[in-house]
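Worksheet: one structure, shown below.
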Amino acid sequence: MENFKISRIHTKSGIFRLTGVINDEIDLKSIRYISAEYMGTDGWCELDLQSEHTQSLLRSIQIEVLQHLS
7 MENFKISRIH TKSGIFRLTG VINDEIDLKS IRYISAEYMG TDGWCELDLQ
57 SEHTQSLLRS IQIEVLQHLS
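For my numbering, count along the sequence shown from 1 and bump the result up by 6.
Written as structure tokens, this is what we have:
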């Protein structure tokens, strides 16, 4: 397990700032987010990690996040 902090990542779903822990086991990479924010029109907006919408959004950018971290 390794902590990560991405200060800015451009994805197909927008621009995000993310912190969390990546589990880097062989063939089974998973991410546990500690905080997630997206760039809105008025600056950074914190995402509710308990929200199903947020979880769906983070799943949709998971491949891009993993590529960024590798």
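C-beta: ideal position from N, C-alpha, C; glycine also.
In this structure, does DSSP put residue i in helix, strand or coil?
i, result
"T60", "helix"
"I21", "strand"
"S13", "strand"
"S76", "coil"
"I69", "helix"
Name the one or two DSSP bridge partners that residue i has.
i, result
"I87", "Since the first and last residues shown for the chain are 7 and 76, residue 87 lies out of range."
"E43", "R23, E52"
Below 8 Å on the Cβ atoms is my guess for residue i versus residue j; work out the distance and round it to an integer in Å.
i, j, result
"I15", "V71", "7 Å"
"Y39", "L55", "6 Å"
So is residue i in contact with chain D if we call contact Cβ pairs under 7 Å?
i, result
"S19", "In summary, chain D is missing from the structure at hand, where a single protein chain is found."
Between the beta-carbon of residue i and the beta-carbon of residue j, is there less than 7 Å?
i, j, result
"E8", "I28", "yes"
"I69", "T17", "no"
"T60", "S41", "no"
"F10", "L75", "yes"
"S13", "R23", "yes"
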